[in-house]
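Heads up: the sequence lines are chains D and F, in that order. Per the numbering used here, the very first residue in the first sequence carries number 1; after that it's consecutive. Per the numbering used here, the very first residue in the second sequence carries number 142; after that it's consecutive. Ideal Cβ placement from N, Cα and C applies to all residues, glycine included.
Number of protein chains: 2
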Amino acid sequence: MRDSMLPNGIRVLRLSAEDALKVAESLWYRHTDDTVIAVAQDWQSKDVLMVANMNREAVIKTLTTGMVHYWSLSRKKLWLKGETSGHYQYLIDFRIDCDGDALLLRVYQVGNACHLGTRSCFDARYVNKVRLDTGISEGEP
Amino acid sequence: MRDSMLPNGIRVLRLSAEDALKVAESLWYRHTDDTVIAVAQDWQSKDVLMVANMNREAVIKTLTTGMVHYWSLSRKKLWLKGETSGHYQYLIDFRIDCDGDALLLRVYQVGNACHLGTRSCFDARYVNKVRLDTGISEGEP
Numbered sequence: 001m002r003d004s005m006l007p008n009g010i011r012v013l014r015l016s017a018e019d020a021l022k023v024a025e026s027l028w029y030r031h032t033d034d035t036v037i038a039v040a041q042d043w044q045s046k047d048v049l050m051v052a053n054m055n056r057e058a059v060i061k062t063l064t065t066g067m068v069h070y071w072s073l074s075r076k077k078l079w080l081k082g083e084t085s086g087h088y089q090y091l092i093d094f095r096i097d098c099d100g101d102a103l104l105l106r107v108y109q110v111g112n113a114c115h116l117g118t119r120s121c122f123d124a125r126y127v128n129k130v131r132l133d134t135g136i137s138e139g140e141p
Numbered sequence: 142m143r144d145s146m147l148p149n150g151i152r153v154l155r156l157s158a159e160d161a162l163k164v165a166e167s168l169w170y171r172h173t174d175d176t177v178i179a180v181a182q183d184w185q186s187k188d189v190l191m192v193a194n195m196n197r198e199a200v201i202k203t204l205t206t207g208m209v210h211y212w213s214l215s216r217k218k219l220w221l222k223g224e225t226s227g228h229y230q231y232l233i234d235f236r237i238d239c240d241g242d243a244l245l246l247r248v249y250q251v252g253n254a255c256h257l258g259t260r261s262c263f264d265a266r267y268v269n270k271v272r273l274d275t276g277i278s279e280g281e282p
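Okay, structure coming up:
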């Protein structure tokens, strides 16, 4: 495991295979390709980093390894976040919403979450009061 | 409008119909029922309150009224958040992710976001180190 990369005091959440299975079986895979929606949030800044899908296997892999895995809707395959970029997400906390079809993952993000090079996938395109003068905005905040 | 409910200094984001349409047309409605995923985050505490779906109409309604609307996957209808509970979500900031299939909404939440009576839909079920002693946990944090 790559725990040595984490600063002291930050503990990665990992479950036994048995416990991970219990959690995985409690979810409602109602979204595309039998998935739940997963929201990754920086455990410290509380910034929302990205949104992706997880199938049952991705949930189990995430919980047993402590490293976040997703299901890619585009590539139709399981995907270890950071497998090509090195920008892994270590799992700190795992929350399930009231109807079981969405997860909130507090993560320790290595580097940037977004493949476009920003910390969050939500950093580049936004609409708010500050930018209304110039209409709809795209660009760095 | 219900702006008078908001504390001084908090401005609700609203767009013209024309600008809202531009934003709506820039999204990728790849999820169930031709929707995008919307994450509602408390504008102040940065807590993630809920995750739901929005179709094109929900996006336009949200942006033109400044009050968050969703598409209910279960009821197959447009839904003004708070229409029965009074727990409206006022739009403060609207962000779009890098592939356009997910939104991050910073909101001013009136009352509780969750119909089960908790502030967030993610408050009741979670797994973390603190609770691992007793296995998988459900209950109040």
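Inclusion of V164(F) and L154(F) in the CB contact set at 8 Å is not warranted, their separation being larger than that value. Leaving aside the five residues that flank W28(D) on each side, the residues in its chain whose CB is nearer than 8 Å to its CB run, in chain order, V36, D99, G100, D101. Judged by DSSP in its simplified three-state form, K218(F) adopts strand. What M50(D) touches in chain F, judged by beta-carbon distance under 9 Å, is D238, C239, A243, going in chain order. If the five residues before and after S74(D) are omitted, its C-beta is found closer than 7 Å to no C-beta atom of its own chain. Taking N53(D) as reference, the option from V127(D), G66(D), T62(D), S120(D) with the minimal CA-CA separation is T62(D). For I10(D), the closest of R30(D), D19(D), D93(D) by C-alpha to C-alpha distance is D93(D). Separation of the CB atoms of W43(D) and V127(D) is rounded to 27 Å, and the pair is thereby denied contact status at 8 Å.
Short of 8 Å from the beta carbon of S167(F), and not among the five residues preceding or following it, lie these beta carbons of its own chain, in chain order: I237, G241.
DSSP places D19(D) inside the alpha helix (DSSP H), whose first and last residues are 17-25.
Its chain contains H228 as the residues whose beta carbon lies nearer than 6 Å to that of G252(F), once the 5 sequence neighbours on both sides are disregarded; these appear in chain order.
The secondary-structure analysis by DSSP pairs V68(D) with nothing; it has no beta-bridge partner. Around L116(D), the same chain offers A124 as residues with beta carbons nearer than 8 Å, after the five sequence neighbours per side are excluded. Judged by beta-carbon spacing, K46(D) lies within the 8 Å limit of K187(F), meaning their Cβ atoms are closer than that value.
With respect to the C-alpha of Q109(D), the residue from I60(D), D19(D), G82(D) having the closest C-alpha is G82(D). Contact annotation: in the segment 158-185 of chain F, residues whose CB is within less than 8 Å of a CB in chain D are D160, K163, V164, S167, R171, H172, T173, I178, V180, Q182.
Using a Cβ-Cβ cut-off of 8 Å, L13(D) counts as an interface residue toward chain F, since at least one Cβ of chain F sits closer than that to its own.
Around the beta carbon of A158(F), fewer than 16 other beta carbons lie within 10 angstroms, which makes this residue exposed.
Scanning its chain for C-beta atoms nearer than 7 Å, with the 5 sequence neighbours on each side dropped, one finds around Y211(F) the residues A179, A193, N194, M195, A199, W220, K222, in chain order.
Cβ-Cβ separation between T32(D) and H172(F): approximately 6 Å, consistent with a contact (criterion under 8 Å).
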